[in-house]
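For the protein sequence lines, the chains are L and S, in the order given. Per my numbering, the very first residue in the first sequence carries number 1; after that it's consecutive. Per my numbering, the very first residue in the second sequence carries number 243; after that it's consecutive. All C-beta atoms in this analysis are idealised placements derived from N, C-alpha and C, irrespective of residue type, glycine included.
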Amino acid sequence: MSNNKVILAEGLTKMFGDFTAVNAITFNVEKGEIFGFLGANGAGKTTAMKMLIGISNPTSGKANVAGFDVFTHAEDIKKNIGYMSQKFALYDDLTVKENITFFAGIYGLSKNEIKEKRAILIKELGLENVTNKLVGSLPLGWKQKLSFSVSLIHNPKIVFLDEPTGGVDPITRRQFWELIYKAANEGTTVFVTTHYMDEAEYCDRVSIMVNGKIEALDTPKNLKKQYKVSNMNDVFLKLARG
Amino acid sequence: MSITVNHISKSYKKVKALEDISFKVKPNELFGLIGPDGAGKTTLFRILTTLLIADEGTATVVDFDVVKDYKKIRNNVGYMPGKFSLYQDLTVEENLNFFATIFGTSIEENYELIQDVYVQIEPFKKRRAGKLSGGMKQKLALCCALIHKPKVLFLDEPTTGVDPVSRKEFWDMLKRLQLKGITILVSTPYMDEAELCDRIALIQDGKILEIDTPEAIVKHYPKQIYNVISNNMYQLINSLNDYEHCHSVYPFGEFVHYTDNRLDFNPKELKAYLESKNLTEIKIEKTKATIEDTFMELAK
Chain L
1 MSNNKVILAE GLTKMFGDFT AVNAITFNVE KGEIFGFLGA NGAGKTTAMK
51 MLIGISNPTS GKANVAGFDV FTHAEDIKKN IGYMSQKFAL YDDLTVKENI
101 TFFAGIYGLS KNEIKEKRAI LIKELGLENV TNKLVGSLPL GWKQKLSFSV
151 SLIHNPKIVF LDEPTGGVDP ITRRQFWELI YKAANEGTTV FVTTHYMDEA
201 EYCDRVSIMV NGKIEALDTP KNLKKQYKVS NMNDVFLKLA RG
Chain S
243 MSITVNHISK SYKKVKALED ISFKVKPNEL FGLIGPDGAG KTTLFRILTT
293 LLIADEGTAT VVDFDVVKDY KKIRNNVGYM PGKFSLYQDL TVEENLNFFA
343 TIFGTSIEEN YELIQDVYVQ IEPFKKRRAG KLSGGMKQKL ALCCALIHKP
393 KVLFLDEPTT GVDPVSRKEF WDMLKRLQLK GITILVSTPY MDEAELCDRI
443 ALIQDGKILE IDTPEAIVKH YPKQIYNVIS NNMYQLINSL NDYEHCHSVY
493 PFGEFVHYTD NRLDFNPKEL KAYLESKNLT EIKIEKTKAT IEDTFMELAK
C-alpha cells in the first residue's frame with residue numbers, strides 16, 4: 001500500500017442480523033488530510049467509525065488503518081490512533097494534570113516524556129491556572145480542547161473525532177478548529193464527524209453517508225458545484241434523505 | 243404576556259447560573275434562547291416550569307406566578323427537557339397514554355394537535371421507548387409534552403446532536419404548532435436556528451447579551467465584516483491574527499470573517515500584507531453579519 005494512505009477501506013460492510021448498517025463503503029484518507037465524515041442520524045457513521053478504530057469486527061470487506069488491518073491487527077490500530085467523542089472524553093473527577101498523566105501513561109509514555117508533554121500541553125492551551133482543578137469544573141469548551149490535545153499525546157498518525165464541538169460556544173468552536181488545522185498542518189490525519197455544516201466546509205474532503213452507503217465524496221468546493229448549491233448545508237439537505 | 247421574567251437570579255454554591263435575567267414572551271410568539279452549554283438555559287427552563295425556585299426575582303407563565311401558582315402552571319404548560327425523560331420500559335403508546343391520563347385527557351381528544359408528529363412514530367407504537375432511535379425519542383417526547391394541549395410549550399435544546407435534515411423537519415413542525423396558537427420558548431446552541439424565531443435572547447454565562455428580533459440583532463453589528471479566502475486556510479487565519487490592525491478573525495465555512503480596528507480600512511493593504519506572507523488566490527469581499535458574528539462580538 002502507499003505510505004500516504006492512512007485509511008484504506010474497500011467494500012467495508014457491517015450487518016446486524018438482516019439489517020445492513022454499513023453497506024460496502026470504499027474510500028481512502030490521505031496523510032495530513034482533514035476528512036469530514038457526515039450523514040444523518042442513523043445513516044451508519046458510528047458503526048463505520050467503530051470498525052475503523054478496531055472495536056467492531058466488520059462482516060465483510062477490507063480496511064487498513066494507520067498501517068494495520070482491522071481484522072487481524074485491531075489492537076495495533078488502537079495503539080496508533082487517537083480518539084475523542086463528545087460523550088466520553090476525560091474523567092470529570094480527576095484534575096487536569098491527573099487526566100493528562102493517566103492517558104499518557106495508558107499509551108505507554110515514559111515518566112519523563114509525560115512530564116515534558118504535560119508541560120507543553122498545559123502551556124499551549126493556557127491552562128496554567130487550573131492544572132489542579134477537577135476537569136468536571138471546567139467549561140465544556142475547555143474540556144473539549146483539553147480532550148483533543150490528550151487524544152494526540154502519543155503522536156498518533158490519525159485522530160478520530162466524533163462530534164467534538166456539539167453544544168460548544170461559537171468562539172471556542174473556532175478555537176477548536178484552529179487546533180485541528182494545527183494538527184493537520186503537522187501531518188496528523190483528522191477524521192471528524194459533525195452536525196455543523198459550516199465545519200464541513202473546513203474539511204479538505206467530505207463524505208456523506210445515506211442509509212449505510214457513501215453517496216458523495218469530494219472536496220466541499222466540488223460537492224457544491226456538483227449539486228449546484230452555494231453551501232454544504234444545501235448539499236446535505238439534497239442528499240441526506242436518499 | 244405569556245411569560246414574564248423579572249430580575250431572576252440563581253446560584254448553585256459558588257456558580258452563578260443566572261444573573262439578573264429579565265424578558266417577556268408575547269402570546270403565540272416563538273421565542274428562542276440562544277446560547278452554548280453552560281449558559282444557564284436549562285436552569286431558566288426549570289424555574290419557569292416550576293421545578294426549581296429562583297434565589298431572587300419573580301416570573302409568571304400564562305399570568306400565574308411560578309412559586310405561588312405552580313400547580314396551575316403545570317396544567318397549562320408542556321415541557322420537553324433536554325435529556326430524554328420518558329419511561330424507557332413503557333411502549334410509545336403507553337407513554338403517551340400515561341401522560342394523557344395524568345392530565346385528565348385522552349390521546350383521542352387532542353389527537354389533532356399531535357397528529358402531524360405522531361404519524362411518524364405510530365408504526366412503532368408497540369415498541370419500548372428505550373429502543374427507539376434518537377430522532378424518534380425526540381418526536382415521542384414532543385407528543386407527550388403536547389398531549390394535554392398546553393398554552394405554552396417549553397423545549398430545552400430539542401435539536402442538539404440532531405442532523406441538519408432532522409433539525410429542519412423539527413423546526414417546520416414548530417412553525418405548524420405556532421399556527422395552532424401555542425406560545426413556544428425554545429433553546430438551542432445552533433445559531434442558524436435563531437433566524438427561525440420571532441424574537442431571540444442571546445445568553446452566555448448566565449447573562450442575557452441582547453434581546454430582539456433576529457433581523458434587528460444583526461443590524462446592530464458595529465463593524466463591516468469582510469469575507470477573506472486564500473489558498474491555505476490555516477496560514478490565512480494565523481496571518482490575519484498577526485495583522486496589526488486586526489479586530490477579529492473567525493473561520494466561517496469556506497471563508498474567514500475579518501474585521502479591522504480602523505475606520506478607514508483599505509482591503510488592498512490587507513491583500514498586499516497577505517501576499518507578503520506568501521498566500522495566493524486571495525479574495526477580500528464585504529459581507530453581512532450573521533447572528534453568530536453578533537454573538538461572538540458580544541461574548542468577546
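Below-7 Å beta-carbon distance, residue i vs any chain L residue
| i | result |
| --- | --- |
| residue 472 of chain S | no |
| residue 274 of chain S | no |
| residue 496 of chain S | yes |
| residue 403 of chain S | yes |
| residue 261 of chain S | no |
| residue 304 of chain S | no |
| residue 398 of chain S | no |
| residue 279 of chain S | yes |
| residue 500 of chain S | no |
| residue 493 of chain S | yes |
| residue 437 of chain S | no |
| residue 407 of chain S | yes |
| residue 536 of chain S | no |
Contacting residues, own chain, Cβ-Cβ under 7 Å from residue i (five flanking each side not counted)
| i | result |
| --- | --- |
| residue 138 of chain L | 130 |
| residue 1 of chain L | With a pLDDT of 47 at residue 1 of chain L, under the threshold of 50, the modelled position of that residue is not reliable, and the figure given next carries that caveat. Excluding residues within five positions, the ones whose Cβ falls inside 7 Å are 8, 64. |
| residue 209 of chain S | The first residue shown for chain S is 243 and the last is 542, placing residue 209 of chain S beyond what the model contains. |
Neighbour flag for residue i against chain S, beta carbons, 7 Å
| i | result |
| --- | --- |
| residue 233 of chain L | yes |
| residue 167 of chain L | yes |
| residue 177 of chain L | yes |
| residue 236 of chain L | yes |
| residue 140 of chain L | yes |
| residue 227 of chain L | no |
| residue 170 of chain L | yes |
| residue 24 of chain L | no |
| residue 248 of chain L | With chain L covering 1 to 242 only, the question about residue 248 of chain L has no answer from this structure. |
Cβ-Cβ separation, residue j to residue i (assumed contact under 8 Å), whole Å
| i | j | result |
| --- | --- | --- |
| residue 474 of chain S | residue 521 of chain S | 6 Å |
| residue 384 of chain S | residue 361 of chain S | Between residue 361 of chain S and residue 384 of chain S the Cβ distance is about 13 Å, and since that is not below 8 Å, they are no contact. |
| residue 195 of chain L | residue 405 of chain S | 5 Å |
| residue 135 of chain L | residue 92 of chain L | 5 Å |
| residue 98 of chain L | residue 61 of chain L | Not quite, the Cβ-Cβ distance comes to about 40 Å (not below 8 Å), so this is no contact. |
| residue 240 of chain L | residue 44 of chain L | About 12 Å; that fails the 8 Å criterion. |
| residue 356 of chain S | residue 388 of chain S | 5 Å |
Spatial neighbours of residue i in its chain, beta-carbon cut-off 6 Å, leaving aside the 5 residues before and after
| i | result |
| --- | --- |
| residue 204 of chain L | 33, 34 |
| residue 300 of chain S | 248 |
| residue 252 of chain S | 259, 260, 285, 296, 297 |
| residue 257 of chain S | none |
| residue 312 of chain S | 292 |
| residue 161 of chain L | 84, 192 |
| residue 534 of chain S | 433 |
| residue 527 of chain S | 469 |
| residue 444 of chain S | 276, 451, 452, 537 |
| residue 541 of chain S | 446 |
Other residues of its chain near residue i: CB distance less than 8 Å, five sequence neighbours each side excluded
| i | result |
| --- | --- |
| residue 232 of chain L | 197, 198, 200, 201, 206, 220, 223, 224 |
| residue 498 of chain S | 469, 470, 471, 475, 478, 479, 482, 491, 492 |
| residue 217 of chain L | 27, 205, 206, 207, 208 |
| residue 157 of chain L | 6, 31, 66, 67, 80, 81, 188, 189 |
| residue 168 of chain L | 140, 141, 144, 176 |
| residue 417 of chain S | 272, 438 |
| residue 102 of chain L | 91, 94 |
| residue 455 of chain S | 440, 441, 442 |
| residue 270 of chain S | 244, 420, 423, 424, 425 |
Next item on the list: Using a Cβ-Cβ cut-off of less than 9 Å, give me the residues of the region 32–62 of chain L that come near chain S, in sequence order.
Entry: 38, 39, 40, 41, 42, 43
Notebook entry, point to check: Is there contact between the region 30–50 of chain L and the region 187–206 of chain L, where contact requires at least three CB pairs shorter than 8 Å?
Noted result: yes
Check: Between the region 311–321 of chain S and the region 480–498 of chain S, do at least 3 Cβ pairs fall closer than 8 Å?
Finding: no
Next item on the list: Could you list the residues in the region 513–527 of chain S with a C-beta less than 8 Å from some C-beta on chain L, going in chain order?
Entry: none
Checklist line | Residues from the region 184–208 of chain L in contact with chain S, defined by Cβ distance under 9 Å | finding: Across the region 184–208 of chain L, CB contacts with chain S closer than 9 Å involve 184, 185, 195, 196, 197, 198, 199, 200, 201, 202, in sequence order along the chain.
Notebook entry, point to check: Using 8 Å as the threshold, is the region 454–470 of chain S in touch with the region 285–292 of chain S, meaning 3 or more CB pairs across them?
Noted result: no
Notebook entry, point to check: How do the region 387–398 of chain S and the region 277–288 of chain S stand: do at least 3 beta-carbon pairs fall below 8 Å, yes or no?
Noted result: yes
Note to self: Three Cβ pairs or more, each shorter than 8 Å: is that satisfied between the region 254–271 of chain S and the region 433–452 of chain S?
What the structure shows: Output reads yes: the region 433–452 of chain S touches the region 254–271 of chain S.
Notebook entry, point to check: Does the region 408–416 of chain S come close enough to the region 335–354 of chain S that 3 or more CB-CB pairs lie under 8 Å?
Noted result: no
Notebook entry, point to check: If contact means a Cβ-Cβ distance below 9 Å, which residues of the region 409–429 of chain S contact chain L?
Noted result: 409, 410
Note to self: What are the residues in the region 374–394 of chain S lying within 8 Å of chain L by C-beta distance?
What the structure shows: 375, 376, 377
Notebook entry, point to check: Which residues, in chain order, does the region 97–126 of chain L contribute to contact with chain S at a C-beta distance below 9 Å?
Noted result: none
Next item on the list: Note down, in chain order, all residues in the region 148–167 of chain L with a beta-carbon under 8 Å from any beta-carbon belonging to chain S.
Entry: 163, 166, 167
Check: Any residues in the region 80–93 of chain L with a beta carbon nearer than 9 Å to a beta carbon of chain S? Which ones, in chain order?
Finding: Residues of the region 80–93 of chain L whose Cβ lies closer than 9 Å to any Cβ of chain S, in chain order: 86.
Notebook entry, point to check: the region 475–486 of chain S: which residues have C-beta closer than 8 Å to a C-beta of chain L, in chain order?
Noted result: 475, 476, 479
Margin query: Please list, in chain order, the residues of the region 439–470 of chain S that have any C-beta partner in chain L closer than 8 Å.
Written below: 446
Notebook entry, point to check: At a Cβ cut of 7 Å, what residues of the region 326–337 of chain S count as close to chain L, listed as they run along the chain?
Noted result: none
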